[in-house]
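**Q** Numbering (the numbering used here), first residue to last: 23 to 372.
Glycine residues also receive a C-beta, built at the ideal position from the N, C-alpha and C atoms.
As the structure is a computational prediction, the values presented were derived from the model and not from experiment.
Before we start, here is the structure in question, set down as structure tokens.
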Amino acid sequence: MNFEQSRRTSVMFSFRGDDPKANPYVTTLSALVAEHVDVVPFAWRGLLFQRVDVFHVHWPEALLASRTWYGRIAKRALLLLVIARSACSRFTIVRTMHNIAPHESGHGRVHRWLLVMLDRQTKVSFVLNRSSGFVSDTKRVVVLHPDYRNIAPFEPRKTSKSVGIVFFGQLRKYKGVEYLIDAFRDLKKHDVGVTLTVVGECNDSDFARYLSTAIDETAGASLDMRYLSQEELNEVVRKADLIVLPYRNIENSGSALFALSVGRPLLIRGTPATFELQQEVGKEWVRYFSGDLDTIDLQEAVCWSVGPRSGMPVFDENRSWAFTVEQTVDVYNSASRRRFKKLGLMHGSI
Numbered sequence: 023m024n025f026e027q028s029r030r031t032s033v034m035f036s037f038r039g040d041d042p043k044a045n046p047y048v049t050t051l052s053a054l055v056a057e058h059v060d061v062v063p064f065a066w067r068g069l070l071f072q073r074v075d076v077f078h079v080h081w082p083e084a085l086l087a088s089r090t091w092y093g094r095i096a097k098r099a100l101l102l103l104v105i106a107r108s109a110c111s112r113f114t115i116v117r118t119m120h121n122i123a124p125h126e127s128g129h130g131r132v133h134r135w136l137l138v139m140l141d142r143q144t145k146v147s148f149v150l151n152r153s154s155g156f157v158s159d160t161k162r163v164v165v166l167h168p169d170y171r172n173i174a175p176f177e178p179r180k181t182s183k184s185v186g187i188v189f190f191g192q193l194r195k196y197k198g199v200e201y202l203i204d205a206f207r208d209l210k211k212h213d214v215g216v217t218l219t220v221v222g223e224c225n226d227s228d229f230a231r232y233l234s235t236a237i238d239e240t241a242g243a244s245l246d247m248r249y250l251s252q253e254e255l256n257e258v259v260r261k262a263d264l265i266v267l268p269y270r271n272i273e274n275s276g277s278a279l280f281a282l283s284v285g286r287p288l289l290i291r292g293t294p295a296t297f298e299l300q301q302e303v304g305k306e307w308v309r310y311f312s313g314d315l316d317t318i319d320l321q322e323a324v325c326w327s328v329g330p331r332s333g334m335p336v337f338d339e340n341r342s343w344a345f346t347v348e349q350t351v352d353v354y355n356s357a358s359r360r361r362f363k364k365l366g367l368m369h370g371s372i
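In structure tokens, the structure reads:
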């Protein structure tokens, strides 16, 4: 593949690169593709007035998020202008499908309509697993979500008298952490040698209060709702014996790949995506449950987690950052060439 062109493709991601809390998937991808394309910092003004060849969207609902009603109105107007500018072939929209639909509901009709219009203007959709349920008229490119051994290397688990269960990641209602707390509370009555650690930020004040109360009422459980640095998160996961991610629905999970990168066994809901992940790394690393997580699911997973394991999880060879960057940059450059051809310009003539 030839990355270099007479004029490098310019790409803007739908997040601010200077956000210290940005998802490590997008920050790593942005940094690596910058070796082959010009990555332009996100700005609404830039999308409307600067030269941008490709707008790469992640979690499009975040583009409309605001704490104020007037902020939401302004962002809706800006997104509509961006969609219109793309429709005039000023740039190509591509999207990574982290999930098929937003996890939180309750958005108004205008919000939903704008996301539909954005999808219609999207020319290429990256899906992060082969079993994705995403269906669209756009071109679909499978690019497996890479592992995180670049920031969370494998570390053998140390033996201990107790079994440490860990949930980590943003605390949101769809993730089912309340089922984990309830199941653990019941398990603790019969198995005193287990602990539960729940870590992650919660932006829903009512849900945060609920979780705090639930943890306070649960012996052997702790809750940390701070944003953890990469070093702090690595330390939490390294100390775990079992990672539990009881999401109500799951299309992809960076947290699951993070846990497996460190070498910690994983309990997760059974879906086509997690079946695929188990087939990839083996049943000794991924165990799944059906329905809502209950005490029996958790008890059986605890027994399973302390069993012997050989080596570390072996990922698909295509689940690498090198492969992801190659595929992604190919799409960027192809999209840019198609746009220039449609405009009747030669790539590199301006």
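Do three or more CB pairs link the stretch 27 to 41 to the stretch 54 to 61 at distances below 8 Å?
**A** Contact holds: three or more Cβ-Cβ distances are below 8 Å.
**Q** Taking CB distances under 7 Å as the criterion, tell me whether Arg179 reaches chain C.
**A** Annotation note: the requested chain C is absent from the structure, which comprises a single protein chain.
**Q** Excluding the 5 residues preceding and the 5 following Thr346 in the sequence, name in chain order all residues of the same chain whose CB lies nearer than 6 Å to its CB.
**A** Correct list, in chain order: Val165, Pro168.
**Q** In whole angstroms, what is the alpha-carbon distance linking Trp326 and Ala236?
**A** Distance between the alpha carbons of Trp326 and Ala236 is about 26 Å.
**Q** Hey, quick one: how far does the beta strand (DSSP E) through Thr144 stretch, first residue to last?
**A** 144 to 149 is the extent of the beta strand (DSSP E) around Thr144.
**Q** Run through DSSP, which three-state label would Ala44 get?
**A** It is coil, neither helix nor strand.
**Q** Considering only residues of the same chain and omitting the five flanking positions on each side of Gly186, which have a CB-CB separation below 7 Å?
**A** Counting only Cβ-Cβ distances below 7 Å, and skipping sequence neighbours, we find Thr217, Thr219, Lys261, Ala262, Asp263.
**Q** For Ala109, which residues in the same chain have their Cβ closer than 8 Å to its Cβ, ignoring the five residues on either side in sequence?
**A** If we look at Ala109 and ignore the five residues flanking it on each side, its Cβ neighbours are Gln143.
**Q** Compute the beta-carbon to beta-carbon distance between Val116 and Leu70, rounded to the nearest angstrom, for a pair I have assumed lies under 8 Å.
**A** Not a contact, Cβ separation roughly 18 Å.
**Q** With a cut-off of 8 Å on the beta carbons, I'd call Ala278 and Leu288 a contact; round off their distance for me.
**A** Contact holds; Cβ gap of about 6 Å.
**Q** Using the C-alpha atoms, what's the distance from Gly39 back to Gly215?
**A** Cα-Cα distance, rounded: 43 Å.
**Q** According to DSSP, what are the bridge partners of Gly186?
**A** Partner(s): Thr217.
**Q** Could you tell me the alpha carbon to alpha carbon distance between Glu302 and Arg341, rounded to whole angstroms?
**A** About 10 Å.
**Q** Kindly list the residues whose CB is nearer than 8 Å to the CB of Val199, restricted to its own chain and excluding five residues on each side of it in sequence; keep chain order.
**A** Contacts found: Phe189, Leu193, Val220, Leu233, Pro268.
**Q** Where does Glu253 fall in DSSP's three states?
**A** Three-state result, Glu253: helix.
**Q** Does the stretch 313 to 333 come into contact with the stretch 205 to 214, if we say contact requires no fewer than three beta-carbon pairs (one atom in each stretch) closer than 8 Å?
**A** Contact between the stretch 313 to 333 and the stretch 205 to 214 is present, because at least three Cβ pairs lie under 8 Å.
**Q** What is the DSSP secondary structure of Ser356, reduced to helix, strand or coil?
**A** It is helical.
**Q** Can you tell me which residues form a DSSP beta bridge with Ser32?
**A** Answer is Asp60.
**Q** Based on DSSP bridge pairs, tell me the residues matched to Thr114.
**A** According to DSSP, Thr114 bridges with Val76.
**Q** Would you check if there are 3 or more beta carbon pairs closer than 8 Å linking the stretch 350 to 360 to the stretch 136 to 150?
**A** In short, these stretches touch, since the Cβ pair count reaches three.
**Q** Output the boundary residues of the beta strand (DSSP E) element that contains Ile203.
**A** Note, Ile203: premise wrong, no beta strand (DSSP E); alpha helix (DSSP H) at 199 to 210.
**Q** For Asn271 versus His120, is the C-beta spacing smaller than 7 Å?
**A** Going by C-beta atoms, Asn271 is not nearer than 7 Å to His120.
**Q** For Ile169, name the three-state secondary structure that DSSP assigns.
**A** Residue 169 is actually Asp in this sequence, not Ile. Coil, per DSSP.
**Q** What residues in its chain sit with their C-beta under 7 Å from that of Met23, if we drop five residues either side in the sequence?
**A** With a pLDDT of 49 at Met23, under the threshold of 50, the modelled position of this residue cannot be trusted, and the question is left open.
**Q** Is the distance from the Cβ of Ala295 to the Cβ of Arg309 below 7 Å?
**A** Their beta carbons are not under 7 Å apart, which means Ala295 does not touch Arg309 by this criterion.
**Q** Measure the alpha-carbon distance for His369 versus Gly68 and round it to whole angstroms.
**A** In this predicted model, His369 has a pLDDT of only 45, less than 50, meaning its place in the structure is not dependable; the value taken from the coordinates is given anyway. Spanning the two alpha carbons is a distance of roughly 20 Å.
**Q** Return yes when the Cβ of Phe37 is within less than 7 Å of the Cβ of Ala44, no when it is not.
**A** For Ala44 and Phe37, yes; Cβs fall inside 7 Å.
**Q** When you compare only the Cα positions, how much space is there between Glu253 and Phe280?
**A** Taking the straight line from one Cα to the other gives about 13 Å.
**Q** With 16 other CB atoms within 10 Å as the buried threshold, where does Ile265 fall?
**A** Ile265 comes out buried.
**Q** Compare the Cα-Cα distances from Ser332 to each of Pro178, Arg231, Asp228, Arg248 and report the closest residue.
**A** Nearest option by C-alpha distance: Pro178.
**Q** Which same chain residues, not among the five before or five after Arg73, have their C-beta less than 7 Å away from its C-beta?
**A** Closer than 7 Å at Cβ, skipping near neighbours: Ser32.
**Q** Taking 7 Å as the threshold (C-beta atoms), are Phe176 and Gly285 in contact?
**A** In contact: Gly285 and Phe176 (Cβ atoms closer than 7 Å).
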